[in-house]
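Number of protein chains: 2
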Amino acid sequence: MSLLCELNAEQLKAFHSEAIREYNAFLDSGISINMARGRPAPEQLDISNALIDLSVQEMGVKAEDGTDCRNYGLLCGIPECRRLFGEMMGVAAENVIVGGSSSLNLMYDYIAQCCSHGTCGNTPWSKLNGCKFIAVVPGYDRHFAIAEHFGLEMVSVKMTPQGPDMDAVEALVKDPAVKGMFCVPKYSNPDGITYSPQTVERIAAMKTAAPDFRVIWDEAYVMHDLYEEKDVLANVFELAQRYGTEDRFFIVASTSKISFAGAGLAALAASEKNIKEIRARLALQVICYDKINQLRHARLFASLEDIRVQMKKHAALLRPKFDAVLSVLHEQLDGLGIASFNSPKGGYFISLDVNTGSAKRVGQLCKDCGLVLTGVGATFPYGIDPEDANIRIAPSCPSVSELNVAARILCASVKIAACEALLQSACCGR
Amino acid sequence: MSLLCELNAEQLKAFHSEAIREYNAFLDSGISINMARGRPAPEQLDISNALIDLSVQEMGVKAEDGTDCRNYGLLCGIPECRRLFGEMMGVAAENVIVGGSSSLNLMYDYIAQCCSHGTCGNTPWSKLNGCKFIAVVPGYDRHFAIAEHFGLEMVSVKMTPQGPDMDAVEALVKDPAVKGMFCVPKYSNPDGITYSPQTVERIAAMKTAAPDFRVIWDEAYVMHDLYEEKDVLANVFELAQRYGTEDRFFIVASTSKISFAGAGLAALAASEKNIKEIRARLALQVICYDKINQLRHARLFASLEDIRVQMKKHAALLRPKFDAVLSVLHEQLDGLGIASFNSPKGGYFISLDVNTGSAKRVGQLCKDCGLVLTGVGATFPYGIDPEDANIRIAPSCPSVSELNVAARILCASVKIAACEALLQSACCGR
Chain A
73 MSLLCELNAE QLKAFHSEAI REYNAFLDSG ISINMARGRP APEQLDISNA
123 LIDLSVQEMG VKAEDGTDCR NYGLLCGIPE CRRLFGEMMG VAAENVIVGG
173 SSSLNLMYDY IAQCCSHGTC GNTPWSKLNG CKFIAVVPGY DRHFAIAEHF
223 GLEMVSVKMT PQGPDMDAVE ALVKDPAVKG MFCVPKYSNP DGITYSPQTV
273 ERIAAMKTAA PDFRVIWDEA YVMHDLYEEK DVLANVFELA QRYGTEDRFF
323 IVASTSKISF AGAGLAALAA SEKNIKEIRA RLALQVICYD KINQLRHARL
373 FASLEDIRVQ MKKHAALLRP KFDAVLSVLH EQLDGLGIAS FNSPKGGYFI
423 SLDVNTGSAK RVGQLCKDCG LVLTGVGATF PYGIDPEDAN IRIAPSCPSV
473 SELNVAARIL CASVKIAACE ALLQSACCGR
Chain B
73 MSLLCELNAE QLKAFHSEAI REYNAFLDSG ISINMARGRP APEQLDISNA
123 LIDLSVQEMG VKAEDGTDCR NYGLLCGIPE CRRLFGEMMG VAAENVIVGG
173 SSSLNLMYDY IAQCCSHGTC GNTPWSKLNG CKFIAVVPGY DRHFAIAEHF
223 GLEMVSVKMT PQGPDMDAVE ALVKDPAVKG MFCVPKYSNP DGITYSPQTV
273 ERIAAMKTAA PDFRVIWDEA YVMHDLYEEK DVLANVFELA QRYGTEDRFF
323 IVASTSKISF AGAGLAALAA SEKNIKEIRA RLALQVICYD KINQLRHARL
373 FASLEDIRVQ MKKHAALLRP KFDAVLSVLH EQLDGLGIAS FNSPKGGYFI
423 SLDVNTGSAK RVGQLCKDCG LVLTGVGATF PYGIDPEDAN IRIAPSCPSV
473 SELNVAARIL CASVKIAACE ALLQSACCGR
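Those protein sequence lines, which keep their order, are chains A and B.
Numbering of the first sequence is given in this note's numbering, commencing with residue 73 and proceeding in unit increments.
Numbering of the second sequence is given in this note's numbering, commencing with residue 73 and proceeding in unit increments.
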């Protein structure tokens with residue numbers, strides 16, 4: 073197949089007509105497919121039904137330290153879960169607080185605390201004259217929404233195959249108003265990129281002008297490999313300890329995509345100093361989190377190895393879905409020069425970049441056909457993709473046959489939008 | 073028995089010696105009893121074990137609207153739980169958001185939101201030059217701790233047998249800096265007082281200078297009757313609707329002392345306008361709360377009647393404990409003029425007022441004997457009881473025989489402290 077931009081006007085019109093024909097084959101056929109969010113499929117949730125089935129008889133009600141999990145107590149979580157999440161995040165159990173079911177809530181609360189009360193004795197961010205936060209783009213819309221809510225001005229840094237553009241990050245952190253950054257360091261959302269060891273080390277080592285610079289290190293997909301060949305993430309906390317920057321890191325993980333998306337466990341990890349500060353605030357906020365759910369998880373996952381076994385079951389269900397989408401994308405778009413996309417080794421997303429200025433049009437065409445994508449622009453701060461090029465694909469929830477249809481609609485839409493842009497520019501060029 | 077203050081010096085010394093003898097009988101006997109917090113006893117927790125035992129087979133995984141409770145979704149909670157809590161709090165289901173397991177967290181988050189972002193278009197409280205909050209005293213230390221954390225200056229208003237001193241409240245709310253108040257309107261913590269219908273109506277009807285005055289209406293013990301003869305709380309939300317003040321109320325309840333203290337459900341109720349605002353913030357904070365735990369509760373408690381049946385089981389376990397403490401208090405302290413206490417018809421506490429200036433001494437004497445009470449002063453803002461007189465007794469957790477011992481230690485300590493004060497003042501009078 074030739075590059076689309078090299079076709080002459082007639083060839084382009086023919087290509088356009090063919091794309092419309094492909095698209096129209098799906099239009100008005102009552103399709104309703106949602107690829108907007110990283111929702112596990114029902115079959116994935118079934119894997120964890122044993123969590124629900126545990127009875128008092130089987131499970132007991134006491135944590136290993138004797139605490140009755142039905143009652144108040146253990147603000148930081150039961151010891152077995154602190155240890156499990158410590159293993160997952162590469163920190164000691166005493167550096168972990170196991171929260172409710174939402175790691176988003178842990179991040180929200182932490183940013184809220186930095187804004188209203190400050191951290192480690194520094195001025196609360198809300199009392200300063202404008203704070204900035206680094207947004208790695210494309211990135212996770214819910215991270216950006218928290219920063220926006222608290223009035224942290226986002227400054228974009230581009231993602232590279234090795235992680236955030238560290239030259240740009242190191243330049244930005246010389247400004248004391250730059251207070252932190254959000255990272256999804258393994259199988260990033262949406263690019264599926266794992267930060268290289270060098271990138272991780274540079275984030276740990278860099279000098280920041282702000283003494284209270286905070287990296288929100290969201291290990292959302294740290295266990296979420298799709299293939300035997302896995303990405304490996306360097307241990308940021310160990311590196312931070314080596315560079316004396318361990319107060320910089322606020323690490324979170326959750327079992328949202330390990331056990332139940334709506335009823336899993338979330339945890340945070342931080343330095344001793346930060347844990348002490350967070351714990352003091354938490355004591356005002358809750359008496360304790362749900363330890364019965366913690367105990368259920370501890371019974372199902374005695375060690376990280378049990379989670380690895382569980383993740384292979386997830387991968388077996390997810391792999392065919394990623395493969396289905398990727399094979400259609402390759403078949404339909406390779407060689408046209410109108411789109412590029414990643415082939416992630418884990419995580420929940422495929423990131424598709426289309427020609428500048430056509431992502432919104434693609435989103436609209438898909439929507440008209442009954443296919444819902446993540447809102448175009450959502451992967452950028454304030455919902456504005458300056459190049460209107462990035463589309464996030466979440467293939468986890470629909471079935472393989474639905475994904476096959478969805479990917480074809482998407483590809484036809486990408487072709488149509490590309491043709492429209494080329495025809496328009498040819499037209500304007502006249 | 074004569075009033076202690078009417079005894080002559082010799083009689084007083086004899087009484088003092090006898091009290092010390094009573095006290096010493098317990099000293100050094102290895103007693104370790106905790107009456108500090110309103111913790112349910114293990115037998116109370118056993119009542120709800122069926123919650124844990126529900127299997128996927130028995131329970132299903134779908135809410136009545138078809139939502140898979142294992143997955144993301146339903147930010148405001150499953151319909152059956154919104155309805156249940158609506159019934160409990162006397163509001164429509166659409167005015168309810170079911171949260172995680174902690175009503176404290178819902179209150180904390182709401183105050184945090186009023187401070188950082190304001191409510192209903194009003195200036196954020198943190199941007200104003202000092203805000204005040206009414207603290208009904210004695211009251212709940214965790215309420216006061218939230219206000220203190222967010223720099224809301226607390227102004228105390230005394231509790232009366234009908235609820236807060238409403239003349240004082242109505243005078244205070246003429247100040248626009250006074251932004252709200254915390255209420256535990258049924259079986260108040262620690263007095264066990266239920267606000268009279270007139271008090272509830274005055275709170276709903278009063279004119280406040282601050283347009284964003286908020287009443288945090290904590291229905292912590294709304295289902296928690298101990299006896300057949302129950303207090304009845306007026307429906308504040310209905311009254312508020314009548315007076316057009318429904319935006320004033322932020323109502324919370326939880327099943328912490330209905331099902332599991334550490335793993336129950338919490339919910340908030342508010343006006344349509346407030347719900348809309350809270351929901352928008354919540355959408356940034358969590359994707360959803362744990363709906364599996366919601367479904368468990370919905371299966372166990374299909375209606376408020378099921379909760380009433382459950383509460384009778386709790387009452388049967390709690391009543392002998394309250395009775396044990398109260399009968400010792402009556403036997404040991406009646407007629408001495410050195411203490412007064414309530415006989416609550418529900419809730420979790422007995423409030424004991426001792427002679428001015430002696431509560432701390434009583435707390436210390438108890439502690440030396442191995443009996444831990446709620447930190448003296450904790451029932452007042454900033455932990456300072458200006459009269460050093462109030463002691464909160466939480467009889468739920470220890471056994472009846474432990475409570476018998478605990479109450480005797482407490483009474484001996486009250487007597488000793490009273491004698492010391494009288495002997496000292498006689499001494500100073502010389």
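Note that CB positions come from ideal geometry on N, CA and C, so glycine has one too.
In whole angstroms, what separates the C-alpha of B/A165 from that of B/F322? For this step, residue 165 of chain B is matched to residue 93 along the second sequence. For this step, residue 322 of chain B is matched to residue 250 along the second sequence. Cα to Cα, B/A165 sits roughly 15 Å from B/F322.
Could one say the Cβ of A/Q382 lies closer than 8 Å to chain B's Cβ atoms, at least one of them? Residue mapping note: residue 382 of chain A aligns to position 310 of the first sequence, counting from 1. Not one chain B Cβ lies under 8 Å of A/Q382.
For the structure I just gave you, are there three or more beta carbon pairs, one from the segment 456 to 472 of chain B and one from the segment 486 to 495 of chain A, closer than 8 Å? no
Please compile the residues from chain A whose C-beta is within a distance smaller than 7 Å of the C-beta of B/N121. Taking the first residue of the second sequence as 1, we reach residue 121 of chain B at position 49. Within 7 Å Cβ-Cβ: V128.
Do the segment 363 to 378 of chain B and the segment 150 to 162 of chain B make contact, defined as three or more Cβ pairs closer than 8 Å? yes
Mapping the DSSP letters down to three states, classify A/A388 as helix, strand or coil. Counting from one through the first sequence, the residue named residue 388 of chain A turns up at place 316. A/A388 falls in the helix class under three-state DSSP.
Any C-beta of chain B within less than 8 Å: which residues of the segment 190 to 204 of chain A qualify? S198
With contact counted as at least three CB pairs below 8 Å, one residue from each stretch, are the segment 472 to 482 of chain B and the segment 234 to 241 of chain B in contact? With the cut-off at 8 Å, the segment 472 to 482 of chain B and the segment 234 to 241 of chain B do not touch.
My assumption, with CB atoms under 8 Å, is that B/M295 sits in contact with B/M161. Please give the rounded CB distance. Residue 295 of chain B sits at position 223 when you count from the first residue of the second sequence. Residue 161 of chain B sits at position 89 when you count from the first residue of the second sequence. Their Cβ separation, rounded to whole angstroms, is 11 Å, which puts B/M295 and B/M161 out of contact at 8 Å.
Please state if the CB of A/I465 and the CB of A/I422 are separated by a distance shorter than 8 Å. In the first sequence, residue 422 of chain A corresponds to position 350, counting from 1. In the first sequence, residue 465 of chain A corresponds to position 393, counting from 1. Yes.
With a Cβ-Cβ cutoff of 8 Å, do A/S343 and B/S188 count as a contact? The sequence position of residue 343 of chain A within the first sequence is 271, counting from 1. The sequence position of residue 188 of chain B within the second sequence is 116, counting from 1. Against a cut-off of 8 Å, the Cβ pair of B/S188 and A/S343 comes out as no contact.
Would you be able to state if there are at least three C-beta pairs under 8 Å between the segment 312 to 329 of chain A and the segment 338 to 357 of chain A? yes
Does any residue of chain A have a CB that is nearer than 8 Å to the CB of B/F332? Stepping through the second sequence from its first residue, residue 332 of chain B is reached at position 260. Yes, B/F332 counts as interfacial toward chain A.
With a cut-off of 8 Å, does the C-beta of B/R502 fall near any C-beta of chain A? Your numbering for residue 502 of chain B matches position 430 in the second sequence. With a pLDDT of 45 at B/R502, under the threshold of 50, the modelled position of that residue is not reliable, and the figure given next carries that caveat. No, because no Cβ of chain A sits closer than 8 Å to the Cβ of B/R502.
Using Cβ-Cβ distances below 9 Å, what residues of the segment 441 to 468 of chain A are close to chain B? none
Using only alpha-carbon positions, find the residue among B/V486, B/N476, B/C441 that is nearest to B/S104. Taking the first residue of the second sequence as 1, we reach residue 104 of chain B at position 32. Closest option to B/S104, Cα to Cα, is B/C441.
Please identify, using Cβ separations under 9 Å, the residues of the segment 323 to 348 of chain A that lie next to chain B, in order along the chain. S328, S331, F332, A333, G334, A335, G336
For the alpha helix (DSSP H) that contains A/K345, what are its first and last residues? If you number the first sequence from 1, residue 345 of chain A lands on position 273. Secondary structure note for A/K345: its alpha helix (DSSP H) is the uninterrupted segment 344 to 357.
What do you reckon, are the CB atoms on B/L475 and B/A396 nearer than 8 Å? As a first step, residue 475 of chain B must be located in the second sequence, where it is residue number 403. As a first step, residue 396 of chain B must be located in the second sequence, where it is residue number 324. For B/L475 and B/A396, yes; Cβs fall inside 8 Å.
For B/Y454, count neighbouring C-beta atoms within 10 Å of its own C-beta (all shown protein chains included) and say buried if the count is 16 or more, exposed if not. Position 382 of the second sequence, counted from the start, is the residue given in the question as residue 454 of chain B. Answer is exposed; the Cβ neighbour count stays below 16.
Below-8 Å beta-carbon distance, B/V229 vs any chain A residue: One-based indexing of the second sequence puts residue 229 of chain B at position 157. The beta-carbon of B/V229 is placed no less than 8 Å from the nearest beta-carbon of chain A.
Can you pull the DSSP bridge partners for B/P360? Position 288 of the second sequence, counted from the start, is the residue given in the question as residue 360 of chain B. For clarity, residue 360 of chain B is Cys in the given sequence; the question names Pro instead. Partner residues in a beta bridge of B/C360, as assigned by DSSP, do not exist.
Uninterrupted beta strand (DSSP E) stretches inside the segment 167 to 198 of chain B (no shorter than 3 residues): Complete beta strand (DSSP E) runs here, min 3: 168 to 170.
For A/F205, the nearest candidate out of A/K246, A/I169, A/A91 (CA to CA): Here residue 205 of chain A refers to the residue found at position 133 of the first sequence. Among A/K246, A/I169, A/A91, the Cα nearest to that of A/F205 belongs to A/K246.
Could you tell me which of A/I169, A/L176, A/P262 sits nearest to A/R351, measuring between CA atoms? Along the first sequence, one-based indexing puts residue 351 of chain A at 279. Residue A/I169 is the option with its Cα nearest to A/R351.
Just checking: is the beta-carbon of B/G172 within a distance shorter than 8 Å of some beta-carbon in chain A? Against the second sequence, residue 172 of chain B aligns to sequence position 100. So yes, B/G172 belongs to the interface.
Bridge partners of B/E225, per DSSP? Position 153 of the second sequence holds residue 225 of chain B. Answer is B/K204, bridged to B/E225.
C-beta neighbour in chain B for A/D125, strict 8 Å: Residue mapping note: residue 125 of chain A aligns to position 53 of the first sequence, counting from 1. Yes, because at least one Cβ of chain B sits closer than 8 Å to the Cβ of A/D125.
Does DSSP classify B/G435 as helix, strand or coil? Within the second sequence, residue 435 of chain B is the residue found at index 363, counting from 1. It is helical.
What residues from chain A crowd round B/G145, counting only those whose CB sits closer than 7 Å? Along the second sequence, read from residue 1 onward, the residue named residue 145 of chain B stands at position 73. Result: G334.
Beta carbon of B/A91 nearer than 8 Å to that of B/K348: Reading the second sequence from its first residue, position 19 is the one you call residue 91 of chain B. Reading the second sequence from its first residue, position 276 is the one you call residue 348 of chain B. No, Cβ-Cβ distance for B/A91 and B/K348 is not below 8 Å.
Mind checking the segment 84 to 115 of chain A against chain B and listing, in chain order, the residues whose C-beta falls within less than 8 Å of any C-beta there? R109, R111, P112, P114
Contacts that A/V256 makes with chain B (C-beta to C-beta distance below 9 Å): Locating residue 256 of chain A in the first sequence gives position 184, where the first residue counts as 1. None at all; the shortest Cβ gap to chain B is about 15 Å.
How would you call B/G501, buried or exposed, if buried means at least 16 neighbouring beta carbons within 10 angstroms? Numbered from its first residue, the second sequence carries residue 501 of chain B at position 429. Only weak support is given to the placement of B/G501: the predicted model assigns it a pLDDT of 49, under 50, and the value that follows is read from those uncertain coordinates. B/G501 comes out exposed.
Output yes or no for whether 8 Å exceeds the beta carbon distance between B/H215 and A/L356. As a working note, residue 215 of chain B is residue 143 in the second sequence. As a working note, residue 356 of chain A is residue 284 in the first sequence. The answer is no: Cβ separation not under 8 Å.
CA nearest to the CA of A/L311, picked from A/G418, A/F394, A/A276: As a working note, residue 311 of chain A is residue 239 in the first sequence. When each option's Cα is compared against that of A/L311, the closest is A/A276.
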